[in-house]
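Reading through the structure tokens given below for one structure.
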Amino acid sequence: MLDANTLEVICLIFSLIFLTKDKSRFWLITIAYLVVVVITELFAKYCGRTYHNNLWVYNIYTIFEAGYICYGLYYFINDYINLKKFLIATYILIIAIFSYFTFRYGILAYNAVTVSIMSVIFVIYTLLYFYLLLKDENYVDLKFHPAFWWIGGVLIFYFGGTIANIFDEIIQQKFLGKYNTRVIIYFTLNLFLYGFWSYSFTCRARQRKICP
4 MLDANTLEVI
14 CLIFSLIFLT
24 KDKSRFWLIT
34 IAYLVVVVIT
44 ELFAKYCGRT
54 YHNNLWVYNI
64 YTIFEAGYIC
74 YGLYYFINDY
84 INLKKFLIAT
94 YILIIAIFSY
104 FTFRYGILAY
114 NAVTVSIMSV
124 IFVIYTLLYF
134 YLLLKDENYV
144 DLKFHPAFWW
154 IGGVLIFYFG
164 GTIANIFDEI
174 IQQKFLGKYN
184 TRVIIYFTLN
194 LFLYGFWSYS
204 FTCRARQRKI
214 CP
């Protein structure tokens, strides 16, 4: 069975193929972010095997994750309305929650509170984007619309993650064959996220050729 790290590497390869020549700051930052994602996953595996605790690695990564997703939401929603101040405030709120949780429980405890709140907030923003897209009177070919696929991946991943967190105690105890149900759920969510993102990169390359 493929793991999340393999999906991340494939997505990074797609970004290098289709986004390297892009002049947009967001798409270039996307490449850098995916490099961080892959390095984080590899380093977390190393820490897990060597020190038997890699939660602090994922906790620190949460800061980069929140920053990138907030920026991506701003980049796409800005086509309709300006939410720059709201998204900056959102990121500051996430940092504040992260800092409080870390101060109280330490960096070695998984920061589930921050991840849960962050996920709900991102779902709300993605739903706002789709609402604005539906109201848009201009024709949009969704098959080749990079924003649609990038936002779609974010919505599925964080909505599914929120539901999984709510029922975490239940799904932890369920198995499909030798695989824990939680592992299967998060692999599927990662498959949607990085699959949609990879396709959005091809759409962006196509868009760049049509409108250089």
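Counted the way my numbering counts, the sequence shown spans residues 4 to 215. Just so it is clear, CB atoms sit at the ideal spot from N, CA and C, and this is done for glycine as well. Remember, it's a predicted structure, so these values are computed and weren't measured experimentally.
From this set, the options, which residue's C-alpha is nearest residue i's C-alpha?
{"i": "PHE79", "options": "VAL12, ALA150, ILE72, ASP25", "result": "ALA150"}
{"i": "VAL217", "options": "ILE42, LYS24, LYS26", "result": "Residue numbering for the chain in the displayed model covers 4 to 215; residue 217 lies beyond these limits and cannot be assessed."}
{"i": "GLY70", "options": "PHE160, GLN210, MET121", "result": "MET121"}
{"i": "PHE133", "options": "TRP152, PHE147, VAL116, VAL123", "result": "TRP152"}
{"i": "PHE147", "options": "ASP139, ALA208, LEU158, ILE169", "result": "ALA208"}
{"i": "TYR128", "options": "ARG52, VAL157, ALA7", "result": "VAL157"}
{"i": "ILE1", "options": "ILE100, ASP139, ILE110", "result": "Given that the chain is displayed from residue 4 to residue 215, the structure contains no residue 1 and the question cannot be resolved."}
{"i": "VAL60", "options": "LEU136, VAL143, GLU44", "result": "GLU44"}
{"i": "THR23", "options": "VAL38, LYS88, LEU145", "result": "VAL38"}
{"i": "LEU96", "options": "ARG107, VAL116, ASN183", "result": "VAL116"}
{"i": "TYR36", "options": "LYS48, TYR49, LEU19, ALA47", "result": "LEU19"}
{"i": "ASN141", "options": "ASP82, VAL186, ARG107, GLU68", "result": "ASP82"}
{"i": "ILE187", "options": "PHE104, ALA167, THR33", "result": "ALA167"}
{"i": "ILE72", "options": "TYR54, ASN56, ILE91", "result": "ILE91"}
{"i": "GLU68", "options": "THR33, LYS212, LYS26, SER27", "result": "THR33"}
{"i": "GLN210", "options": "TYR161, ASN193, TYR189, LEU145", "result": "LEU145"}
{"i": "PHE89", "options": "CYS214, LEU131, LYS48", "result": "LEU131"}
{"i": "VAL40", "options": "ASN193, LYS212, PHE204, ASN56", "result": "ASN193"}
If you check the beta carbons only, do residue i and residue j fall under 8 Å apart?
{"i": "THR65", "j": "VAL118", "result": "yes"}
{"i": "PHE29", "j": "TYR74", "result": "yes"}
{"i": "GLY163", "j": "PHE199", "result": "no"}
{"i": "ILE159", "j": "PHE195", "result": "yes"}
{"i": "LEU135", "j": "ILE84", "result": "yes"}
{"i": "TYR197", "j": "LEU10", "result": "yes"}
{"i": "LYS87", "j": "TYR94", "result": "no"}
Under 8 Å by Cβ, that's how I've got residue i and residue j pegged, so tell me the actual separation to the nearest angstrom.
{"i": "ALA7", "j": "LEU58", "result": "Wrong, their Cβ atoms sit about 16 Å apart, outside the cutoff."}
{"i": "ASN62", "j": "ILE110", "result": "6 Å"}
{"i": "VAL3", "j": "THR165", "result": "The question about residue 3 has no answer, for the chain in this structure spans 4 to 215."}
{"i": "ASN114", "j": "PHE104", "result": "5 Å"}
Could you tell me which uninterrupted beta strand (DSSP E) segments, each at least 3 residues in length, are contained entirely in the region 74–160, listed from first to last along the chain? Qualifying beta strand (DSSP E) stretches: none in this window.
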